[in-house]
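Participant: Below: one structure in C-alpha cells.
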Amino acid sequence: MQVSDPNNVKIYNLSAGKSLPEWLSERKRRKLLKTNVDIRRRIELIQDFEMPGVSTSVRVSPDGQYVLATGIYKPRVRCYETDNLSMKFERCFDSEVVTFEVLSEDYSKVVFLQCDRYVEFHSGSGRYYRLRIPKFGRDMKYHAPSTDLFLVGATSDIYRLNLERGQFLQPFLSQGSELNSIAINPVHQLICVGTLEGKVEAWDPRMKLKIGTLDCAFNCISNERDTVLEGFPSITALNFQGPLTLGVGTHTGQILLYDIRADRPLRVKDHMYGLPIRDVRFHENHVLSMDSSVVKIWNKNDGSLFTCIESGEQTQFNNLCHIPDSGMMFIANENKKVLTYYIPSLGPAPKWCGFLDNLTEELEENIMDNVYDDYKFVTRQELEDLGLGHLIGTTLLRAYMHGFFMDVRLYRKAKSVSAPFEFEEFKKKKIREKIEQERTRGVQLNKLPQVNQELALKLMDEKQKAAETDSKKKKKKLQISANLLEDARFQGLFQNPDFQVDTTAEEYRLLTPVLTRLDKQRQKQLRKQLAAQELRPVKEEREGKASSDESSEEEEEEEDEDGQMKEEVNYTTEYLKADNPLMAKFQATLKQHLLAEISKLNDEIIEAERQFETDQAETRTAELELDRVLKLKDGSDKKIEDLKEELNRMKKDGETRREKHEKAKQLCGEEKEKLDEMEKNYQCLLLRTENLSRTAAELEALESKRQSELSIARIESAKSAKEIENLLSNDVKQDILSLMINREINKLERCLAECEDQQKAKHEETRTMAGNLADARADLTSMQKENKKIDEAWNKIVASINVKQREYLDVQEDVRYIN
1 MQVSDPNNVK IYNLSAGKSL PEWLSERKRR KLLKTNVDIR RRIELIQDFE
51 MPGVSTSVRV SPDGQYVLAT GIYKPRVRCY ETDNLSMKFE RCFDSEVVTF
101 EVLSEDYSKV VFLQCDRYVE FHSGSGRYYR LRIPKFGRDM KYHAPSTDLF
151 LVGATSDIYR LNLERGQFLQ PFLSQGSELN SIAINPVHQL ICVGTLEGKV
201 EAWDPRMKLK IGTLDCAFNC ISNERDTVLE GFPSITALNF QGPLTLGVGT
251 HTGQILLYDI RADRPLRVKD HMYGLPIRDV RFHENHVLSM DSSVVKIWNK
301 NDGSLFTCIE SGEQTQFNNL CHIPDSGMMF IANENKKVLT YYIPSLGPAP
351 KWCGFLDNLT EELEENIMDN VYDDYKFVTR QELEDLGLGH LIGTTLLRAY
401 MHGFFMDVRL YRKAKSVSAP FEFEEFKKKK IREKIEQERT RGVQLNKLPQ
451 VNQELALKLM DEKQKAAETD SKKKKKKLQI SANLLEDARF QGLFQNPDFQ
501 VDTTAEEYRL LTPVLTRLDK QRQKQLRKQL AAQELRPVKE EREGKASSDE
551 SSEEEEEEED EDGQMKEEVN YTTEYLKADN PLMAKFQATL KQHLLAEISK
601 LNDEIIEAER QFETDQAETR TAELELDRVL KLKDGSDKKI EDLKEELNRM
651 KKDGETRREK HEKAKQLCGE EKEKLDEMEK NYQCLLLRTE NLSRTAAELE
701 ALESKRQSEL SIARIESAKS AKEIENLLSN DVKQDILSLM INREINKLER
751 CLAECEDQQK AKHEETRTMA GNLADARADL TSMQKENKKI DEAWNKIVAS
801 INVKQREYLD VQEDVRYIN
C-alpha cells in the first residue's frame, strides 16, 4: 500500500505493492507468500482485481454488491462479488467494450456497447441477445421510466431502443454533427447530450422535443482569455447532481458547472493539461474530474483544490468509478491492475470493507519502481554485454516487450563476473573526485573542464566581453549567460560525461543549435591564454618565485595574430616543398578522393538538370492550368455581373409591385370604411322609415276614427240637409289629406330603394377590390418564390466561385512551390 498526502490530504493506494509474475507456478506462489514478508503483508482488497492487459471501464451495481470491469486482451468482462471479495465470473467478447450499463439492481441485466457497432445484452446466465446500430457508438444511458436505451455516437441521431417492445423507435434528430456523451437527470429525467461543436442539447423524453441548448464552447473561450486553447472544446463528459446542477467536461481540459436554468456557467475549472476530460463525478460539495493523467477533487462552490491523484509516467487513466457515499474509488487504466484509492477525509470506507479504517494507519509502505521487485528487466544488448545471450529461450529469461525479465540475483552475479573491477574503479573515481573537491591552491586557475569544452570557451568569451563592454544592457545580458560556469546547479554539465553535447548527432544538426561556434582564431587565443595561466605558476616555482608575487612581474606580451599567421604560412610552405613520401601518398589519396567527389558532383548535376526539366514541365502545365482557371474566373465574373443586374431589376420590380400592393391595400381600407359608414346610414334610414310608416299609419287610423266619430256626431246633430252637405264636403277634404300622406310615403320608399341600389353598387366595388387584392397577394407570393430561387441560384454561384477561387489559390501555390 502506498500513502501520499498532496495538499495535506492522505490518499491510500490499495493497489500498490509487490506483484507476482504470471508465469510462476502455484507452488512457487505459495512458497513466496510464506517466505516473503513484503508479499505477505500487502493488501489485496479484491482478489484478482485486474485484467490481462488493460482495463477500460469499471462500474458498481446499484445494490453495491457487485463490481464489474471490462478490459483487454482478449476483450472480456469480470464480475467481482463484494461479499466474498473475489471474482464471481468472467465472460469474453468478440470486440472491445466502449462502455456498459447495469440495467438491474445486480449483475443479472447488463448491456455492453462495443467498438464494432454491436450492442450486447447479458443476463445472469450469459449473453442474451446481440444487435447492431447504424453508426459507431460512443456513449449510452438507460431511461428506466420509458424502458428506452439511448445511444449516441458518430452521427447526429440519438437512437432509441425500447427494451420492453424490443424494437428501435424514431430517433431524436440533433443539430450537432456528432455526439460524444449523454446524461439523464435522475430526478426529472431530462436528457442532455454533448456535441462535437461544443454544445449541450436538452431533450424532454415525454414530449420528444428539444427544449434548450447550452453553448459551452463560447463560454470556454470567453472565460479563457489569458489561455490559448489547443483544439476545439468539444463536449466529452456529462453528469448531473440533483435536479439543477450539470457538470460538463470538454476536449481541451475544462470543466463547466451549470445551473440548468441559466445559460452561463456557475464556475469554470481548467485542468491546465490540455487533455480531454473523461469523467465528471459529484460527491457532496466536491467535484471529481478526470483526464488521462490526473484525477482532481475540488470544491464546487469556490473551485479550490481539495486533492489530486496523478497517474504517473507508467500508465494513463481510462475510467473513474466512485462508490456513492464513501471515500473509495476505482480507476480503470492502461495497466493490468484496476487501481483502488481510499481517501478517508472524503468519506468512510464502504460497508463491505469496513476493516480498511483500522489497516490504513498500520500498513503505510512505499511502492517500488520496478514492475516486479525480485526481477530485473534487461534488453537484448545488455544480455550480450553480460555474456548471457545463450540463455534466450530458456526458463531463466521471460520475454517481455523489447527485452527480458531475469532473476535479480543472477543479474548481479553476471554483472560481477563481466566487470569484476567495476566497483574498484567506481571507488577510485569517487576518491579522486573527493580529493579534487578538497584540494585548494594559492591561485585559482581558470582551467577548461573535461566535459563540454566548446561551451565553456563560449561562456568564457562572453564573460570577457561583458567585462570589456560599456553598455549596461548588453553587459547584463552577457553576464547572465556567463554565470553558468559558476552556478553550482549546472556543475554536472561540465563534470558528468553523460551531459556531453554530441555535435555530430542528427538531432543537433536539425534543431536550432544552442551553441554558436567561436571563430578559430578566437578559440586559439583563449586556449593560449588558459595555457599561459596554467604554466605560469610552474615557471615561477622553477625561478624560485612565490605565487603570491604575481603583481611584481608583468606578463609577457603575446605575439601579433598577423605574425602567427605568417609563421604558420611559412611553415606550411616549407613542408610542401620538402621531398616527403608521405606528401606524395597524401596527394595521390587526395586526388582519388577529389575524382570520386567530382564524379558524384557530375551525377548530382545531371540529376539536378533532370529535376529542373521536370520542374519546368510542371511549371508550364501549371501556367496553362492557371490561364484556364483565369478564363473561367473571367467568365464567372461576367455571369455574376449579369445575375447581379437581373437581381437588381427584379428587386426594383418587386418594390414597385409592393408599392402598388400597399396603395391598393390602403384604397381598399378607405373604401371599406366608406362602405361601413353607408351601411350604418342605411340602417338608420331603415329605422327612421319604419318608425315614420308606423307613426303615419297610427295617425291615419286615429284621424279616420276621430273623423268618423265626429261625422256621425255631426250628422246626428244636423238639423237640415245643408249641414249634411257641408259635412260630406269635409269627408272629401279628409280623403285629399290621406292621398297627400300616401304620396309622402311613396317618396320615402323610392329613397329607400335608391339607397339599396347604392349599397349594392358599393358591394360590387368591394368585391372587385377584394379580387384585385387577392391578385396582388398572389403576385407578391410568386415574386417571393422568384426571389428565393434567385437567392438559391446566387448562393450556388457564390459557392462555385469559392471553389474556383480555392482551385486558383491551389494552382498559385503549386506554381509558387515549383518556382
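Under full-length UniProt numbering, residues 1 to 819 are what the sequence shown spells out, in order. Ideal Cβ positions, reconstructed from N, Cα and C, are used throughout, including at glycine. Predicted model only: the values in this text are computed from it and were never measured.
1. When we look at the beta-carbon of residue 389 and count the other beta-carbons within 10 Å, is it buried (16 or more) or exposed?
2. Looking at the structure shown, is residue 492 part of a helix, part of a strand, or coil, going by DSSP?
3. In the DSSP output, what is residue 286 paired with across the bridge?
4. Following the continuous alpha helix (DSSP H) through residue 411, name the residue where it begins and the one where it ends.
5. Find the nearest neighbour of residue 150 within the set 104, 181, 493 and 187, judged by alpha-carbon distance.
6. Taking buried to mean at least 16 other C-beta atoms within 10 Å of its own C-beta, is residue 114 buried or exposed?
7. Beta carbon of residue 69, beta carbon of residue 282: below 9 Å?
8. At the level of alpha carbons, what is the spacing between residue 211 and residue 243?
9. Assess contact between the segment 71-82 and the segment 51-59, defined as three or more Cβ pairs (one per stretch) separated by less than 8 Å. Is contact present?
10. Give a yes or no on whether the C-beta atoms belonging to residue 163 and residue 103 are separated by under 9 Å.
11. Given a threshold of 16 other Cβ atoms within 10 Å of its Cβ, counted over all protein chains shown, does residue 684 qualify as buried or as exposed?
12. Residue 2 lies in the beta strand (DSSP E); which residues open and close that run?
13. How would you write the range of the beta strand (DSSP E) that residue 120 sits in, first residue to last?
14. Three-state secondary structure (DSSP) at residue 134?
15. Could you tell me whether the Cβ atoms of residue 49 and residue 77 are closer together than 9 Å?
16. Could you say which of 606, 422, 327 and 316 lies nearest to residue 297 if we only look at CA atoms?
17. Buried or exposed for residue 272, please, with buried defined as at least 16 other CB atoms from any protein chain shown within 10 angstroms of its CB.
18. Can you give me the start and stop residues for the beta strand (DSSP E) that residue 173 sits inside?
19. Do residue 494 and residue 822 have their beta-carbon atoms positioned less than 9 Å apart in this structure?
20. What would DSSP say about residue 323, mapped onto helix, strand or coil?
21. Would DSSP call residue 255 helix, strand or coil?
22. Just the Cα atoms here: how many angstroms apart are residue 385 and residue 405?
23. Which residues mark the beginning and the end of the alpha helix (DSSP H) in which residue 310 is found?
24. Count the CB pairs spanning the segment 273-280 and the segment 247-254 that are closer than 8 Å, and state whether there are at least three.
25. Taking just the CA atoms, how far does residue 343 sit from residue 27?
26. Between residue 137 and residue 117, which are expected to be in contact by the criterion C-beta below 8 Å, what is the C-beta distance as a whole number of angstroms?
27. Could you tell me how far apart the beta carbons of residue 295 and residue 320 are, in whole angstroms, since I believe they sit closer than 8 Å?
28. Please classify residue 332: is it buried, with 16 or more other beta-carbons within 10 angstroms of its beta-carbon, or exposed?
29. Just how far apart, CA to CA, sit residue 431 and residue 396?
30. Skipping 5 residues on each side, what residues in its chain have a beta carbon closer than 8 Å to that of residue 233?
31. Please classify residue 763: is it buried, with 16 or more other beta-carbons within 10 angstroms of its beta-carbon, or exposed?
32. Alpha carbon to alpha carbon, how far is residue 503 from residue 512? Give it in angstroms, no decimals.
33. Of the choices 411, 322, 349 and 704, whose alpha-carbon is the least far from that of residue 61?
34. Quick check: the Cα distance between residue 6 and residue 308, rounded to an integer number of angstroms?
35. Between which two residues does the beta strand (DSSP E) holding residue 204 run?
36. By DSSP's criteria, residue 92 is part of a beta bridge. Which residues make up the other side?
Facilitator: Checking against the coordinates, here is how it stands:
1. exposed
2. helix
3. 283 and 299
4. 408-418
5. 181
6. buried
7. no
8. It is roughly 16 Å from the alpha-carbon of residue 211 to the alpha-carbon of residue 243.
9. yes
10. yes
11. By the neighbour-count rule (16 or more Cβ atoms within 10 Å), residue 684 is not buried but exposed.
12. 2-4
13. 118-123
14. coil
15. Here residue 49 is not near residue 77, since their CB atoms are 9 Å or more apart.
16. Closest option to residue 297, Cα to Cα, is 327.
17. exposed
18. Here the beta strand (DSSP E) through residue 173 covers 167-173.
19. A query on residue 822 cannot be resolved here, the shown segment of the chain reaching from 1 to 819 and no further.
20. coil
21. strand
22. 16 Å
23. Not the alpha helix (DSSP H): residue 310 falls in the beta strand (DSSP E), residues 305-310.
24. yes
25. 36 Å
26. Sure, about 7 Å apart at Cβ, within 8 Å.
27. 6 Å
28. buried
29. A direct Cα-Cα distance of roughly 38 Å separates residue 431 from residue 396.
30. 198, 216, 217, 220, 221, 250, 251, 252 and 254
31. exposed
32. In this prediction, residue 512 scores a pLDDT of 48, lower than 50, which makes its location untrustworthy; the coordinate-derived value is nonetheless stated afterwards. Their Cα atoms are separated by approximately 12 Å.
33. Nearest option by C-alpha distance: 322.
34. 7 Å
35. 199-204
36. 76
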